[in-house]
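Working notes, beginning with the structure itself.
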Amino acid sequence: MKRMDYIRKKKRKNRMKRIVLLTVTAATAMFTIFLCLRLYAQITGAPSLSVPKASVFLDKNGRQIGDKFSAERRYWVSLDDISPFLIDAVIATEDRNFYDHNGFDYKRIAGAVLKDVKTMRKAEGASSITQQYARNLFLTHEKSWNRKIREALYAYRMETFYDKDVILEGYLNTVYFGHGMYGVEAASRFYFAKAAKDLTLEESAIITAIAKGPSVYSPVSNPEKSRERQLLVLSLMENQGFITEIQEERAKDITVTLKTEDWADMKRAAPYFLDEVWREAEQLLEKKGRYPAEGGWTIRTTLDPHHQQTAEEFIEKWMPDGELQLGFISMEPETGAITSLVGGSDYTESPFNRVTQAKRQPGSAMKPILYAAALEEGYNPLTFKSTEKTIFTYDEGRSTYEPKNINGKFAGHPISLAQALALSDNIYAVKTLEDIGYKKFNKMAEKLGIDVTFQESPAVALGTSDVTLLEMTNAYNRISSGGMQVEPTTILSISDADGKTVYEHPKKSTKRAITEQDAFVLTHMMTGMFDPVFNDYSVATGLSMRSKQKRPYAAKSGTTISDQYLIGYTPSLTAGIWTGYDIGQQLTSLEDKAASKKIWIDFMETVHAGKPPEPFIPPTGVTGVVVDIATGGIAVNECPKQRVVYVKEKDKPQKLCTDKNLREQLTGEQEDANFELFPFSFFE
Numbered sequence: 001m002k003r004m005d006y007i008r009k010k011k012r013k014n015r016m017k018r019i020v021l022l023t024v025t026a027a028t029a030m031f032t033i034f035l036c037l038r039l040y041a042q043i044t045g046a047p048s049l050s051v052p053k054a055s056v057f058l059d060k061n062g063r064q065i066g067d068k069f070s071a072e073r074r075y076w077v078s079l080d081d082i083s084p085f086l087i088d089a090v091i092a093t094e095d096r097n098f099y100d101h102n103g104f105d106y107k108r109i110a111g112a113v114l115k116d117v118k119t120m121r122k123a124e125g126a127s128s129i130t131q132q133y134a135r136n137l138f139l140t141h142e143k144s145w146n147r148k149i150r151e152a153l154y155a156y157r158m159e160t161f162y163d164k165d166v167i168l169e170g171y172l173n174t175v176y177f178g179h180g181m182y183g184v185e186a187a188s189r190f191y192f193a194k195a196a197k198d199l200t201l202e203e204s205a206i207i208t209a210i211a212k213g214p215s216v217y218s219p220v221s222n223p224e225k226s227r228e229r230q231l232l233v234l235s236l237m238e239n240q241g242f243i244t245e246i247q248e249e250r251a252k253d254i255t256v257t258l259k260t261e262d263w264a265d266m267k268r269a270a271p272y273f274l275d276e277v278w279r280e281a282e283q284l285l286e287k288k289g290r291y292p293a294e295g296g297w298t299i300r301t302t303l304d305p306h307h308q309q310t311a312e313e314f315i316e317k318w319m320p321d322g323e324l325q326l327g328f329i330s331m332e333p334e335t336g337a338i339t340s341l342v343g344g345s346d347y348t349e350s351p352f353n354r355v356t357q358a359k360r361q362p363g364s365a366m367k368p369i370l371y372a373a374a375l376e377e378g379y380n381p382l383t384f385k386s387t388e389k390t391i392f393t394y395d396e397g398r399s400t401y402e403p404k405n406i407n408g409k410f411a412g413h414p415i416s417l418a419q420a421l422a423l424s425d426n427i428y429a430v431k432t433l434e435d436i437g438y439k440k441f442n443k444m445a446e447k448l449g450i451d452v453t454f455q456e457s458p459a460v461a462l463g464t465s466d467v468t469l470l471e472m473t474n475a476y477n478r479i480s481s482g483g484m485q486v487e488p489t490t491i492l493s494i495s496d497a498d499g500k501t502v503y504e505h506p507k508k509s510t511k512r513a514i515t516e517q518d519a520f521v522l523t524h525m526m527t528g529m530f531d532p533v534f535n536d537y538s539v540a541t542g543l544s545m546r547s548k549q550k551r552p553y554a555a556k557s558g559t560t561i562s563d564q565y566l567i568g569y570t571p572s573l574t575a576g577i578w579t580g581y582d583i584g585q586q587l588t589s590l591e592d593k594a595a596s597k598k599i600w601i602d603f604m605e606t607v608h609a610g611k612p613p614e615p616f617i618p619p620t621g622v623t624g625v626v627v628d629i630a631t632g633g634i635a636v637n638e639c640p641k642q643r644v645v646y647v648k649e650k651d652k653p654q655k656l657c658t659d660k661n662l663r664e665q666l667t668g669e670q671e672d673a674n675f676e677l678f679p680f681s682f683f684e
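Per UniProt numbering, residue 1 is the first one in the sequence shown, and the count goes up by one each step.
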């Protein structure tokens, strides 16, 4: 008996030893595994949580007008910008113990493993929010043990290095909610046309339900299953104390209206403009040492929605059916801010931007640049030249050039610079270029922002060099600004995904392109294209727009066999338009030729509607005088064609228009003299 007791005692002892040994071994193994995991995590470091984020474009008023995303439409938002209802719904449904565990809910995992063993397949999921986030970032949704192990390793590393709120925020911004929407902000905008922070309880439950299976629980595709899942989410929230029973019942009774039609109807505003915004943003960000591909940028643009809509409205109204194309742009003289831009008749058919990319001949729209150089060389609005039919010799006598005016006629007497500009006289322009030289013309173009090297041919005075509409409109904008070297821009500011301002556009330019006096004198001369007092062998080139004109404009048109240009401005806005055909087709129909002026004047009058006419204010050193346009002399009653002209103090005419010597000088040797006009009440 004693021997049997001894044997039993010995067996118990051996059993205890084995249990202790196994326990120690298991503990050692667990410690080793934990140590290895910790060592693995420290060696591999924190996993990157970066994901593609959509960059958002805002108009100048802060309203979203578009976005740009690489692969996934996602608008990253912080937890503070997500509805508390949505956060609670996700935790209650996906991982009730999220804030209590270290990345793994072992009880749920054990239950899932038992079910998987019973079914002999990977049927039950028990992933925590951390594990799901790891899968969203780094893995596929393949149901395999290999993927689960890798998921666990990533989850452990994430829990080691990141705070719970960081993980939860990342999860909510990476979940796929169907229809191309990633993250709760994109889902909220798509399904309910609102920000995630404004979601109600019942809406939050619907979005949470979708995460279980976007193809199954989408309220758009499967409203019945979505409703069933929504009710389950609300029940789980009530059971876990996130909401009261009364809140649950109220949410169940509320009928939720989807607003996906708002998303479907929303078009990307101003697509040509936004393409330019992104190009400019890439350059600015790279200069700041940032990578545009990071995404998540909030780019506040210069777009004025009223200007853009007005431009598009009149383009649609006046552009004839067919293949005629156009470019249109408007900008502010003070800042260079581009307020509207249309790069073609249809972006979906051709995203090629005819404002910034197409190089075309501007025709006579180039003349103000030539005359800006002439003003620097001593010309003034009352500088007279004979403009009879002339054959010019160049290239050391080897070549000749015979310019013609648009109607084939020529003035039979000397005309002033002001009248030459109003009538767009070609002989006067070529003679001016011959006088001042190509070098000074080229230098002025450069100062006004035009990237061109003129060929040494008289024809370049008439705009035969290829330039972009952006360059030309910017040149006029610099004149409008009082001669400042303003740079065109589409961007006011750029902020990164963390809300930090990376770039802010400087308010004003401090560099000067031309003198304020020359800028004003040239501006006032360009008002002449709307004034019939300049009519002579031809009519002033802007008279077809005069019936709609309710305020002063300074402008110049340009015409070639293939191109129509019109660029002009008020003191607060510059606008330029080009119309023509992309390849090898000439402008022949009157409808095609008339489109540019109709669009331009309707745009300018509409965007300025309700505002008092803005006069062009002369700077110090410039004075106005009423002159006779035929002689440039000071006007008296005997000289009927009179107009106010602005000249620099040194250029004020000294003789009356009736002075015989003045008339003889013009009809005799036809040397340069002086002149101007316009009894238009805007300028008196």
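The beta carbon of each residue, even a glycine, is placed where N, CA and C say it ideally should be.
How about residue i and residue j: do their beta carbons lie closer than 8 Å?
{"i": "residue 282", "j": "residue 489", "result": "no"}
{"i": "residue 171", "j": "residue 217", "result": "no"}
{"i": "residue 308", "j": "residue 269", "result": "yes"}
{"i": "residue 311", "j": "residue 342", "result": "yes"}
{"i": "residue 56", "j": "residue 210", "result": "no"}
{"i": "residue 458", "j": "residue 553", "result": "no"}
{"i": "residue 257", "j": "residue 220", "result": "no"}
{"i": "residue 362", "j": "residue 467", "result": "yes"}
{"i": "residue 83", "j": "residue 232", "result": "no"}
{"i": "residue 274", "j": "residue 66", "result": "yes"}
{"i": "residue 542", "j": "residue 562", "result": "no"}
{"i": "residue 647", "j": "residue 271", "result": "no"}
{"i": "residue 390", "j": "residue 416", "result": "no"}
{"i": "residue 529", "j": "residue 555", "result": "yes"}
{"i": "residue 58", "j": "residue 339", "result": "no"}
{"i": "residue 656", "j": "residue 540", "result": "no"}
Is residue i buried or exposed, if buried means 16 or more other CB atoms sit within 10 Å of its CB?
{"i": "residue 622", "result": "buried"}
{"i": "residue 545", "result": "buried"}
{"i": "residue 176", "result": "buried"}
{"i": "residue 12", "result": "exposed"}
{"i": "residue 617", "result": "exposed"}
{"i": "residue 215", "result": "exposed"}
Between which two residues does the alpha helix (DSSP H) harbouring residue i extend?
{"i": "residue 578", "result": "Premise fails: residue 578 lies in the beta strand (DSSP E), 574-580, not in any alpha helix (DSSP H)."}
{"i": "residue 250", "result": "245-253"}
{"i": "residue 504", "result": "It is not in any alpha helix (DSSP H) - residue 504 instead sits in the beta strand (DSSP E) that spans 501-504."}
{"i": "residue 283", "result": "271-287"}
{"i": "residue 227", "result": "223-239"}
{"i": "residue 432", "result": "426-436"}
{"i": "residue 569", "result": "Not the alpha helix (DSSP H): residue 569 falls in the beta strand (DSSP E), residues 563-569."}
{"i": "residue 207", "result": "201-211"}
{"i": "residue 217", "result": "214-217"}
If you run the structure through DSSP and keep just helix, strand and coil, what is residue i?
{"i": "residue 642", "result": "strand"}
{"i": "residue 547", "result": "helix"}
{"i": "residue 473", "result": "helix"}
{"i": "residue 330", "result": "strand"}
{"i": "residue 621", "result": "coil"}
{"i": "residue 659", "result": "coil"}
{"i": "residue 588", "result": "coil"}
{"i": "residue 479", "result": "helix"}
{"i": "residue 492", "result": "strand"}
{"i": "residue 379", "result": "coil"}
{"i": "residue 161", "result": "helix"}
{"i": "residue 258", "result": "coil"}
{"i": "residue 514", "result": "coil"}
{"i": "residue 554", "result": "strand"}
{"i": "residue 290", "result": "coil"}
{"i": "residue 652", "result": "coil"}
{"i": "residue 11", "result": "helix"}
{"i": "residue 299", "result": "strand"}
{"i": "residue 129", "result": "helix"}
The beta strand (DSSP E) that contains residue i, what's its start and end?
{"i": "residue 183", "result": "That residue, residue 183, is in no beta strand (DSSP E); its alpha helix (DSSP H) goes 183-192."}
{"i": "residue 537", "result": "Segment: none, residue 537 is in no beta strand (DSSP E) and carries neither H nor E."}
Quick check: is the beta carbon of residue i nearer than 8 Å to any beta carbon in chain B?
{"i": "residue 503", "result": "The structure shown contains no chain B; it holds only a single protein chain."}
Handout entry: Secondary structure, beta strand (DSSP E): runs of 3+ residues fully inside the stretch 52-107
Key = DSSP runs (the beta strand (DSSP E)) wholly in the stretch 52-107: 55-58, 64-68.
* To do: Jot down the residue ranges of each uninterrupted beta strand (DSSP E) in the stretch 309-379, minimum 3 residues, whole runs only, in chain order.
  => Those beta strand (DSSP E) runs which fall completely within the stretch 309-379 and span 3+ residues are 325-331, 338-342.
request  = Kindly provide the ranges of any beta strand (DSSP E) runs that are 3 or more residues long and lie completely inside the stretch 397-425, ordered along the chain.
outcome  = List check, beta strand (DSSP E) in window: 399-401.
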